[in-house]
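J.: Here it is, the structure in full.
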Amino acid sequence: MKSAWKAVLLLAIMAILVLFALGLNNDPHAIPSPLINRAAPDIVALDLAGEPIRLADQRGKWVLVNFWGSWCVSCVAEHPYLIELARKTRDRTDFTIMGVDFKDTEQGARQFLARHGDPGYRHAFDPNQKIAIDWGVYGAPESYLLDPNGRIRLKQTGPLYPGWFEQVALPLIQAPLTQTEKGAP
Amino acid sequence: MKLKCCFLLLVLLFGLSGSASVLYSGERGEDPSEALVRKIAKDLRCAVCQNQSVYESNSDLAKDMLVVIRDKVRAGESEATIRDYFFQRYGDYIYLEPTTAGSNKILWLTPLVGFVLGVLGLWGAIAHWKRSPVVPEGTDAEEGVDPAVKARIQQALDRMEV
């Protein structure tokens, strides 16, 4: 009886230690997005040129939605890859990129693009970060990959890195859609 | 007459302090919906500062979240709807106080289970101590001690006397 209690106590302590060790690997700043596999909120805004831009117009394509701001240091590091990705995927009819410039000024955004290069795709302008909050964004850069039905399939918190498209996005794009994914969101 | 004057002075003092507290409460003349905005914002966690509410935080994100809450309250949305709006986007991280729903039940029940187990353990231990035999007074307490040990103790005591 006594040894049984000892075994239970030992197991309980081990379980707590294992949970503790697993918890140590968690990033306390990372907030997992509940939007994964759910319909993305629509974006209806003006772009940096003052023209209307709408996310729903891209339905039928995989869309990479990239949240950035000229104030964000990591966005500078990410930018060359976005330029390269936009160039590489220019001829793809099933994939497009859309930027969301948030908590920024139009002038700041224009200066950023002039200084670090314009990747060529359009950016929704979100000065009060209403779109960003609607998407559960809490930092920059953050990117979401949407499937042709407008469903968010994954979120990348932090900068996209060279090889991200081939390693992360392409396997999803090339995989056949399951029955539930084919249905309207 | 003197007493009357003192009384009047006291009334005046209390009256003044009362109006001062109304003047400086910061809530005088505010929009009635602001109380609801404050209540919701105090329960939501600022997503970039970990342990501050949206209401208390000075971060840009928290300030803009407060604007979103204010807009929604003024549009007539209920507290539950607004809380759910943020929950759908940031998950239960957004609640300063964890909810009691789903797997969070474990969080709330574990201390209770631990307490009950502790009480049971303590009760068992006390019962065990009560059961164990107590040497009655007047009997040889050294009974049952190994003679070899006894001899060694005696040897040590003898050495000390020298």
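These protein sequence lines are chains A and B, in that order. The opening residue of the first sequence carries number 1 in the working numbering; numbering runs sequentially from there. The opening residue of the second sequence carries number 1001 in the working numbering; numbering runs sequentially from there. Beta carbons: idealized from backbone N, C-alpha and C, even for Gly.
Taking 9 Å as the CB-CB cut-off, is Tyr1093 of chain B touching chain A?
T.: At least one chain A Cβ lies under 9 Å of Tyr1093 of chain B.
J.: Report yes or no: is there a C-beta of chain A within less than 9 Å of the C-beta of Leu1061 of chain B?
T.: True, the Cβ-Cβ gap to chain A drops below 9 Å.
J.: Apply the 10 Å Cβ neighbour rule to His1128 of chain B and answer buried if 16 or more other Cβ atoms are within range, or exposed otherwise.
T.: Counting Cβ neighbours within 10 Å, His1128 of chain B comes out exposed, since fewer than 16 surround it.
J.: Should Tyr1055 of chain B be flagged as near chain A, meaning a C-beta pair shorter than 9 Å?
T.: Output row for Tyr1055 of chain B: interface = no.
J.: Applying the criterion that 16 or more other CB atoms from any shown protein chain within 10 Å of the CB defines a buried residue, is Gly69 of chain A buried or exposed?
T.: Burial call: buried.
J.: Is Thr1081 of chain B helix, strand or coil by DSSP?
T.: Note: Thr1081 of chain B maps to helix in three-state DSSP.
J.: Do Lys61 of chain A and Phe165 of chain A have their C-beta atoms within less than 9 Å of each other?
T.: Cβ distance not < 9 Å, so Lys61 of chain A and Phe165 of chain A don't count as in contact.
J.: Count Cβ pairs between the segment 96 to 115 of chain A and the segment 23 to 41 of chain A that sit closer than 8 Å; are there 3 or more?
T.: No, the segment 96 to 115 of chain A is not in contact with the segment 23 to 41 of chain A.
J.: How many Å lie between Trp5 of chain A and Leu11 of chain A at the Cα?
T.: Roughly 10 Å separates the two Cα atoms.
J.: Is the CB of Val1116 of chain B under 9 Å away from at least one CB in chain A?
T.: False, the Cβ-Cβ gap to chain A never drops below 9 Å.
J.: Classify Met98 of chain A as buried or exposed, calling it buried when 16 or more other Cβ atoms lie within 10 Å of its own Cβ.
T.: It counts as buried.
J.: Shortest alpha-carbon distance to Asp94 of chain A belongs to which of A:Ala15, A:Arg151 and A:Asp147?
T.: Out of A:Ala15, A:Arg151 and A:Asp147, A:Asp147 has the C-alpha closest to the C-alpha of Asp94 of chain A.
J.: Closer than 8 Å by C-beta to Asp1043 of chain B: which residues in its own chain qualify, once you throw out the five before and the five after it? Chain order, please.
T.: Within the same chain, Asp1043 of chain B has close Cβ partners Ser1053, Arg1083, Tyr1095, Leu1096 and Glu1097.
J.: Report yes if the CB atom of Ala169 of chain A is closer than 9 Å to the CB atom of Tyr121 of chain A, and no otherwise.
T.: No, the pair does not count as a contact, with Cβ atoms beyond the cut-off.
J.: Going by CA-CA distance only, name the one from A:Val100, A:Gly158, A:Leu82 and A:Asp57 that's closest to Asp118 of chain A.
T.: Closest option to Asp118 of chain A, Cα to Cα, is A:Leu82.
J.: Hey, would you say the C-beta of Arg1152 of chain B is under 8 Å away from at least one heavy atom of the ligand FMN?
T.: Only the bare structure without any ligand can be found here, which leaves the ligand FMN out of the picture.
J.: Gly1124 of chain B lies in the alpha helix (DSSP H); which residues open and close that run?
T.: Asn1104 to Arg1131 is the span of the alpha helix (DSSP H), which, as asked, contains Gly1124 of chain B.
J.: According to the Cβ coordinates, are Phe125 of chain A and Ala140 of chain A closer than 9 Å?
T.: Not closer than 9 Å, so no.
J.: Determine the closest residue to Leu154 of chain A out of A:Ala40, A:Glu84 and A:Ile16, with distance taken between C-alpha atoms.
T.: Considering only alpha carbons, the answer is A:Ala40.
J.: Considering only the beta carbon of each residue, do Gly150 of chain A and Arg1089 of chain B sit closer than 9 Å?
T.: No, Cβ-Cβ distance for Gly150 of chain A and Arg1089 of chain B is not below 9 Å.
J.: From the DSSP output, in three-state form, read off Lys155 of chain A for me.
T.: Strand, per DSSP.
J.: Could you list which residues in chain B have their beta carbon closer than 8 Å to that of Ile133 of chain A, in chain order?
T.: Those are Leu1061, Asp1064, Met1065, Val1068 and Arg1089, listed as they occur along chain B.
J.: Using the Cα positions of Ile1069 of chain B and Ala1047 of chain B, report the straight-line distance between them to the nearest angstrom.
T.: Using only the alpha carbons, I get a separation of about 15 Å.
J.: Whose C-alpha, out of A:Val63, A:Asn25, A:Asp101 and A:Gly158, is nearest the C-alpha of Arg92 of chain A?
T.: That would be A:Val63, whose Cα lies nearest to the Cα of Arg92 of chain A.
J.: What are the residues of the segment 114 to 131 of chain A that lie near chain B, defined by any Cβ-Cβ distance shorter than 8 Å?
T.: Answer in chain order: Asn128, Gln129 and Lys130.
J.: Please classify Pro52 of chain A: does DSSP put it in a helix, a strand, or coil?
T.: Note: Pro52 of chain A maps to strand in three-state DSSP.
J.: Are there 16 or more other CB atoms within 10 angstroms of the CB of Met1065 of chain B, so buried, or fewer, so exposed?
T.: Buried.
J.: Between Asn66 of chain A and Ser3 of chain A, is the Cβ-Cβ spacing less than 9 Å?
T.: Their beta carbons are not under 9 Å apart, which means Asn66 of chain A does not touch Ser3 of chain A by this criterion.
J.: According to the Cβ coordinates, are Pro159 of chain A and His116 of chain A closer than 9 Å?
T.: Contact: no.
J.: Let's see if you can read the secondary structure: which residues bound the alpha helix (DSSP H) around Tyr144 of chain A?
T.: It is not in any alpha helix (DSSP H) - Tyr144 of chain A instead sits in the beta strand (DSSP E) that spans Glu142 to Leu146.
J.: Rounded to whole angstroms, what's the CA-CA distance from Val44 of chain A to Ile131 of chain A? Just pull it up for me.
T.: For Val44 of chain A and Ile131 of chain A, the distance between alpha carbons rounds to 9 Å.
J.: If the criterion is Cβ atoms closer than 9 Å, does the pair Gly1102 of chain B and Ile31 of chain A meet it?
T.: Not a contact, by the Cβ cut-off of 9 Å.
J.: Find the residues of chain A that neighbour Ala1080 of chain B, judging by a C-beta separation of less than 9 Å, and give them in chain order.
T.: Here the premise fails: no neighbours, minimum Cβ distance about 17 Å.
J.: For Leu46 of chain A and Ile53 of chain A, I'd like the C-alpha separation in whole angstroms.
T.: Cα to Cα, Leu46 of chain A sits roughly 5 Å from Ile53 of chain A.
J.: Listed from N- to C-terminal order along the chain, which residues in the segment 154 to 170 of chain A have their beta-carbon within a distance smaller than 7 Å of any beta-carbon of chain B?
T.: Answer set for the segment 154 to 170 of chain A: empty.
J.: Can you look up Gly99 of chain A in the DSSP assignment and give me helix, strand or coil?
T.: Strand, per DSSP.
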